[in-house]
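**Q** Numbering (our numbering), first residue to last: 16 to 431.
Once you've had a glance at the structure underneath, I'll fire off some questions.
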Ligand code: CAO
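This is the structure we're talking about:
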């Protein structure tokens with residue numbers, strides 16, 4: 016079967032998480048991804064959070080499947096020549112170095128265009144143009160600067176970062192979308208272009224509804240927030256909303272049977288207006304169906320705490336899975352709080368290829384998250400991450416057409 020990005024060759028100059036998630040997705044879509052790493056060192060994550068002595072870490076392996084690894088010192092003169100040749104042979108260059116690092120290597124966007132006018136160069140930086148454009152940035156800094164932390168957590172607690180890596184993996188997704196669009200445009204124009212996805216901007220894009228609420232504050236309180244029913248005044252910026260739903264259908268995380276000993280015995284429960292009557296029947300409150308205090312969504316807004324307390328009395332008598340089984344037939348939107356242990360054992364996620372077991376020569380078998388995007392005509396097969404420099408000779412010969420003597424000379428120069 017052919018793959019969506021067959022024939023696309025990517026010069027992968029990424030490291031840590033944001034860039035590697037982008038190029039891993041493109042590799043799953045069929046691109047030939049050549050990961051360039053510093054000789055003897057490699058991507059810093061290879062050795063970070065190590066759990067098996069001498070083996071590449073899960074941090075690295077889970078972000079770098081389906082790629083080839085080429086070691087290359089891009090500051091060595093011969094290394095620069097090899098890199099120039101690679102730039103000419105690739106369709107896309109992806110990088111997430113600190114601001115200015117690529118320019119200091121001698122590979123500015125202007126130089127890349129001179130070498131290959133068809134090149135699509137894709138960059139992740141923490142911030143776009145402005146006062147912080149020169150700053151180094153990691154995941155949680157982006158979550159904070161992009162508006163996520165100030166709107167996550169409970170009103171009476173500090174700002175919180177989330178477990179979802181929206182700064183790194185979220186930005187990687189944005190960049191991958193930009194690259195595929197630029198490849199399509201290039202098919203029409205014949206020209207490459209610069210694609211940039213700053214981490215702050217990507218997080219903000221994912222926090223769009225919170226900027227919506229910021230502007231709604233100008234015309235009155237945010238009535239779907241719990242604090243409205245609690246008569247707590249709103250300040251001048253979007254507050255933290257605990258587990259309130261971010262949309263127009265109020266929802267909460269509620270305790271289920273066993274919550275006293277199981278930290279994940281909870282369900283998310285949404286009081287969708289369309290199924291309100293069914294909710295009343297299921298939880299044993301049929302009198303709420305006709306009562307003017309409960310029958311309409313506006314009437315319920317000031318009573319959300321009372322309503323969710325009553326629903327919780329019911330959910331506490333059921334396991335989180337029983338809540339699903341009892342609510343689903345009535346189309347009541349609920350969802351169990353699944354632990355990572357439960358997810359790792361979930362059979363349907365394994366069958367769909369979203370949880371995959373991979374074998375690795377240094378560390379043996381491990382689980383990873385496969386491609387979350389499913390194609391009917393571009394099958395994804397997850398293959399293990401490369402060892403450092405595993406494909407150096409293969410790439411020098413097959414992609415760059417160096418012969419054995421030239422490869423020996425390149426090796427002797429210390430460039431690879
Ligand atoms: N050969 C020779 N030198 C190489 C090389 C190679 N193959 N690969 C990297 N280097 C050099 C770089 O040129 C740079 O050298 P200079 O500082 O002399 O220019 C040096 O290695 C360090 O690169 P760096 O500054 O990108 O790496 P860092 O570990 O100091 O910083 C990070 C890491 C992530 C903070 C920074 O890269 C960054 O801000 N990136 C953009 C934002 C981003 O993607 N953040 C998400 C990371 S995941 O949380």
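We put the beta carbon where it would ideally sit given N, CA and C, even for glycine.
Only a predicted model underlies this, so the values are computations on that prediction, with no experimental measurement involved.
#1: Decide if residue 122 is buried, meaning its Cβ has at least 16 other Cβ atoms within 10 Å, or exposed.
#2: Which one or two residues does DSSP pair with residue 110 in a beta bridge?
#3: If I measure Cβ to Cβ from residue 338 and keep anything under 8 Å in the same chain, skipping five residues before and after, which residues do I get?
#4: Would you kindly work out how many angstroms separate the C-alpha atoms of residue 358 and residue 335, rounded to a whole number?
#5: If residue 190 sits next to residue 160, beta carbons under 8 Å apart, how far is it from one beta carbon to the other, in whole angstroms?
#6: Between residue 89 and the rest of its own chain, which residues show a CB-CB distance below 6 Å, the 5 nearest in sequence each way excluded?
#7: Buried or exposed: which applies to residue 380, given that a residue is buried once 16 or more other Cβ atoms fall within 10 Å of its Cβ?
#8: What do you get for residue 241, buried or exposed, if any count of 16 or more other CB atoms within 10 angstroms of its CB means buried?
#9: If I'm right that residue 318 touches residue 235 with Cβ under 8 Å, what's the distance once you round it to whole angstroms?
#10: In chain order, what residues of the same chain have a beta carbon less than 7 Å from the beta carbon of residue 156, not counting five sequence neighbours either side?
#11: Look up residue 154 in the DSSP assignment and say whether it is helix, strand or coil.
#12: Of all the options 181, 267, 415, which has the alpha carbon lying nearest to the alpha carbon of residue 214?
#13: Report the option in 403, 367, 249 whose CA atom is closest to the CA atom of residue 436.
#14: Cβ atoms of residue 316 and residue 225: under 7 Å apart, would you say?
#15: According to the Cβ coordinates, are residue 30 and residue 400 closer than 7 Å?
#16: So, residue 169 versus residue 53, is the Cβ gap smaller than 7 Å?
#17: Should residue 290 be counted as a contact of ligand 1 given a C-beta to heavy atom distance under 6 Å?
#18: Would you be able to state if there are at least three C-beta pairs under 8 Å between the stretch 67-81 and the stretch 28-44?
**A** Answer, in terms of the structure:
#1: buried
#2: 28, 138
#3: 271, 282, 284, 330, 349, 351
#4: 14 Å
#5: Contact flag wrong, Cβ pair sits at about 18 Å.
#6: 98, 120
#7: exposed
#8: buried
#9: Contact doesn't hold; Cβ gap of about 18 Å is too wide.
#10: 141
#11: helix
#12: 181
#13: Because residue 436 is not part of the residues shown, which for the chain are 16 to 431, the question remains open.
#14: no
#15: no
#16: no
#17: no
#18: yes
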